[in-house]
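Chains as they are written, first to last, in numbering that gives the first Met the number 0: chain U, 0 to 281; chain C, 0 to 326; chain Z, 0 to 251. See structure below.
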Amino acid sequence: MDGKNIKYRIGKSYVAQIVTTIFAFACVIPLLFILGFIIKAGITKINWHFLVSIPKPVGESGGGIVNALVGSILIIFCASLIAIPIGILAGIYLSENGKTRLAYWCRLCVDILQGVPSIVIGIIAYFWLVKPLGGFSALSGSVALAIMMLPIVIRSTEETLKLLPSSLQEAAFALGMPFHRVMFKVVVPVGISGILSGVMLAIARITGETAPLLFTAFGNPYLSFNITKPMQSLPHLIYDYATSPYDDWKNLAWGASVILLLWVLLLNIFTKLITRKWKVQL
Amino acid sequence: MDTSAKNSVITRSDLPLRVINSTPETIARAQKKVRRSFRQIRTETVFRRTLTIMGLIMIILVLGILLTLIIQSLPSIKSLGLKYLWGKVWDPVQDIYGAWPFLLGTLLSSFLALLISIPFSLAVAIFLGEYFPKGWMPDFLKNAVELIAAVPSVIYGFWGLAVLVPIVRNLENHIGVEPVGVGIFSSSLILAIMIIPYAASLGRSMIQMVPSPLKEAAYGLGATRWEVIRSVVLPYTKSGLFAGVLLSLGRALGETMAVTMVIGNTSLIPKNIFAPGNTMASVIANEFTEADKPVYLSALIELGLVLFLVTVVINLIGKKIIDRFTQ
Amino acid sequence: MESTIIKSRNFNASFGSNHVVKNVNIDIPRNHVIAVMGPSGCGKTTYLRCINRMHELIPGATSEGEMTINNENIYDMHPIFVRQKIGMVFQRPNPFPNLSIYDNVIAGYKLNGIKLPKAERDRIVEHSLTRVALWKEVKDSLNKKGSFLSGGQQQRLCIARAVAMEPEVLLFDEPTSALDPISTSTVEELFHELKANYTLIIVTHNMQQAARVSDKTAFFYLGELVEYDETKIMFTNPKDNRTQNYITGRFS
Ligand SMILES: Nc1ncnc2c1ncn2[C@@H]1O[C@H](COP(=O)(O)OP(=O)(O)OP(=O)(O)O)[C@@H](O)[C@H]1O
Ligand SMILES: [Mg+2]
């Protein structure tokens, strides 16, 4: 091999590294553009009035998004109420019964559920709740979102608990503790950071979901606290007003986008902090 | 692990727990302890059953979804038959239902998005997995890529509508196609950004799993860094990377809001990649609440069924490949 | 006089089709220290875990035969009762990492939801920690996490945790194998103290340890109980030549 050839190969390696780096960081550019643009367009729309009043009809400027904020909080709260207990219990089931047949199928179904498009979940909630109950309701939206949360909560619970050493459980069993106390008093508290971060991720994910709400919570231009009636939510409001032809409404949607973005961002940061802070040293 | 299923007969002889200093209080306490232990045993049994039921619920949930979709699309399957899937016209007013425009729209936008995103996600995977696994710069990149996945799709859609569509319209003006802006191409661009994280993060963990002796052997033979990546890392992780691409594809196929907002929502067969169109998800989102005839609604749900089946198959194949790779 | 507390007759245990404890017959006298010895993989741990029904926690693990405590069949009781009567200390110290030292000692009550008056709790904690000779070392840092202690201290904390439940029998699975010599001798001294109130069954690989601490010794080989006798006799005049070989180090 002559020196020229080696130089060529080393050069090629450098070029490849540079190209890879450029492509990798190119991903960040659209993200920065999107974040920058939305914050620029929306931040000026946000003030106290924006947060506490409902949207104005076409033609009037001003108005706010309180109906969507309240709606989002209520819908997500109900979804969490459904998904967190079921998710954690199912996660415990999977981590404890790892090799049984039922667990195999259960795990398969969780995998499937994770990939189901959100719009399909919307259809399902429509037929399971909206139609039987005779109308759109925030509750049906919550159920749809809960179904979307489940796989994330289950998987994170299962993965977290599986990583804990078996000596932990044995220590508890050896003290004569019944199974449920071993789980809730020892295993879950030690794995709480992992479980919580899964829960937070799940909440962050459903906060931005619109598709399952289109035919369930349906949207509502007024402030409502009744979960058996249609209800507005942040992403739904953004969708409705962003695709409307009116500038006032679009402005409202920009403001709402910033709020939604902040919400999701904070949840993600919070998740990271939890994982770091609450981690029990084994 | 089932401790109590067998041998869980409780005999009376369990009762006397040892009482060290037997004063009336300590004896009373021991009795109380025994009583609560019996209570706990019952709770334990209930708890175990509850866990199993939770496991069952997941299975029932997925079967329920499948069944609901099938039952609700029966009217359409019965009256339209299989040719529904390649019917070229969708005109609910005339009661003509053909799904081909949406299948085509979905395939075009998803695969175009995949094509655009693969170089970027691969670059991220190689950069984070091989070149710089640690440090503040890769940390920043990692968090940024995670953030891409965290931004709600309706925000991508809004941004696309406000910023990307005018840019694409300009571009279309330049290359001389009808300048609508909205269309397959715009939605592919948005989708491409949105699906980068899925393939990237999976690819990264796969690349990090390449055993270092393998790489060292190649370095030992005098290979350059790039040659090691080309001839060791990439071939070794090929199936894992493919699984990442599959998962990305699954996301792209099912993505609804961002696409609905920028694809143009027409039921005509797209003439080229710049033309407006509709995907399966976007047509459901748009027309579901307007569908006034049973067959119309049912035809939409059949689209949902197809979408469900396709994404399930893609995801399961992806997961199987990952499982095999990680073992 | 000696009264038998634990007795097994024709006791067998398996992991799936792997038969690891074969036909064990043994009588364990109250308030004695019993050492269980034998080459690696001969089923000592498995047998020990059968005594308080920890064995069945492993998927696929089965057992059959008679195992009694005070002439009552352990396998007719609920495991919760068994494990409250028969405490266990493991090879690696495993204090609850999320609990303080204080709460670790009282864990058997606290985590079981047994409410005790504060004075009573304090008494149990002090009493148990004193028993394991840890009280002086930790009495000023009872609110620190248990995992901050040294390995030997953690192991004594785990013993205190088991002792606090006032069991009748304490099982130890190689309790000193993860400890340094000084901690080891502290724990060994403990055994003498504990003997007055409890029956101790100790699995160990260390023959000097067995000779030092135990009253009787059981020798396991390939799942069978080969010999079981007074420790002095076992080490001076074993009857079975497999025991002889083991003690003289001819196989390990
Ligand atoms: N969790 C398990 N699953 C399946 N088989 C096991 C398990 N634990 C132990 N075994 C098997 O049971 C046999 C006895 O193991 P055991 O742990 O009782 O041996 P031991 O005498 O305690 O050995 P050591 O002195 O090394 O601790 C071993 O041959 C092992 O193969
Ligand atoms: Mg052992």
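Cβ coordinates follow ideal geometry from the N, Cα and C atoms, glycine included.
Check                                                                                                                                                        : Outcome
Figure out for me which residue from C:L103, C:I174, C:V45 has the closest Cα to the Cα of L267 of chain C.                                                  : C:L103
Mind checking whether the beta-carbon of T44 of chain Z lies closer than 7 Å to any heavy atom of ligand 3?                                                  : As far as ligands go, the structure on display features ligand 1 and ligand 2 and does not contain ligand 3.
My understanding is that I123 of chain Z touches I105 of chain Z, with C-beta atoms under 8 Å, so please give their C-beta distance in whole angstroms.      : 6 Å
Quick check: what's the CA-CA separation for I195 of chain C versus F119 of chain C?                                                                         : 7 Å
Is F10 of chain Z close to chain C? Criterion is C-beta to C-beta, closer than 8 Å.                                                                          : no
Anything in the segment 143 to 176 of chain U with a Cβ closer than 9 Å to a Cβ of chain Z? List those residues in chain order, please.                      : P164, S165, S166, L167, Q168, E169, A170, A171, F172, A173, L174, G175, M176
Give the straight-line distance between the Cα atoms of N22 of chain Z and R8 of chain Z, rounded to the nearest whole angstrom.                             : 7 Å
Give, in chain order, every residue of the segment 78 to 92 of chain Z whose Cβ lies closer than 9 Å to some Cβ of chain C.                                  : P78, I79, F80, V81, Q83, K84
Considering T129 of chain Z, what are the terminal residues of the alpha helix (DSSP H) in which it resides?                                                 : 117 to 130
Should Q231 of chain U be flagged as near chain C, meaning a C-beta pair shorter than 8 Å?                                                                   : no
I want to verify the contact list: residues of chain U whose CB lies under 8 Å from the CB of F95 of chain Z, in sequence order.                             : L167, A170, A171, V185, V189
Under 9 Å Cβ-Cβ, which residues of chain C neighbour L101 of chain U?                                                                                        : T51, G54, L55, I58
So that I know if they touch, is there some Cβ in chain C lying closer than 8 Å to that of R8 of chain U?                                                    : yes
Shorter than 7 Å, the distance from the beta carbon of N49 of chain Z to the closest heavy atom of ligand 1, or not?                                         : Note that residue 49 of chain Z corresponds to Cys in the displayed sequence, not to Asn. Checking the Cβ of C49 of chain Z against ligand 1 gives no.
Quick one: is the Cβ of D102 of chain Z within less than 7 Å of any heavy atom of ligand 2?                                                                  : no
Note down, one range per segment and in chain order, each alpha helix (DSSP H) of at least 4 residues found wholly within the segment 171 to 196 of chain Z. : 180 to 193
Check whether the Cβ of E169 of chain U lies closer than 7 Å to any heavy atom of ligand 2, and answer yes or no.                                            : no
Find the nearest neighbour of T366 of chain C within the set Z:N17, Z:L110, Z:E119, judged by alpha-carbon distance.                                         : Residue 366 of chain C lies beyond the residue range present for chain C, which begins at 0 and ends at 326; the question has no answer from this structure.
Verify the CB distance criterion: does S12 of chain C have a CB-CB separation below 8 Å to chain Z?                                                          : Residue confidence for S12 of chain C is low, a pLDDT of 40 falling below 50, so the modelled location carries little weight; the figure read from the coordinates is stated next. Taking Cβ atoms only, chain Z reaches closer than 8 Å to S12 of chain C, which makes this a yes.
With 8 Å as the C-beta to C-beta threshold (strictly closer), list the residues of the segment 101 to 121 of chain Z near chain C in chain order.            : N111, G112, I113
With 8 Å set as the bound, which would you pick, yes or no: does the beta-carbon of C77 of chain U sit closer than that to a beta-carbon of chain C?         : no
Are the beta-carbon atoms belonging to Y235 of chain C and L252 of chain C less than 8 Å from one another?                                                   : no
Looking at chain Z, is there any beta carbon in it that lies within less than 8 Å of the beta carbon of Q39 of chain C?                                      : yes
M230 of chain U bridges to which residues according to DSSP?                                                                                                 : U:F217
Which residues of chain Z have a Cβ atom closer than 7 Å to the Cβ of S36 of chain C, listed in chain order?                                                 : I79, F80
With distance defined between alpha-carbon atoms, name the residue in U:T274, U:L50, U:I81 nearest to A255 of chain U.                                       : U:L50
I want to verify the contact list: residues of chain U whose CB lies under 9 Å from the CB of M205 of chain C, in sequence order.                            : Within chain U, no residue comes near M205 of chain C; the closest Cβ sits about 16 Å away, beyond 9 Å.
Given 7 Å as the limit, tell me if V202 of chain Z has its C-beta closer than that to any heavy atom belonging to ligand 2.                                  : yes
Under three-state DSSP, which class holds Y7 of chain U?                                                                                                     : helix
Going straight from the alpha carbon of S184 of chain Z to that of D172 of chain Z, what length do you get?                                                  : 16 Å
Rounded to a whole number of angstroms, what is the C-alpha to C-alpha distance between P116 of chain Z and L110 of chain Z?                                 : 15 Å
For the segment 71 to 87 of chain C, list every residue whose C-beta sits within 7 Å of some C-beta in chain U, in sequence order.                           : Q71
Do L306 of chain C and L113 of chain C have their CB atoms nearer than 8 Å?                                                                                  : no
Just to check, is the beta-carbon of F14 of chain Z closer than 7 Å to a non-hydrogen atom of ligand 1?                                                      : yes
Hey, could you find the ends of the beta strand (DSSP E) H18 of chain Z is sitting in?                                                                       : 17 to 28
Comparing the C-beta of L169 of chain Z with each C-beta of chain U, is any distance below 8 Å?                                                              : no
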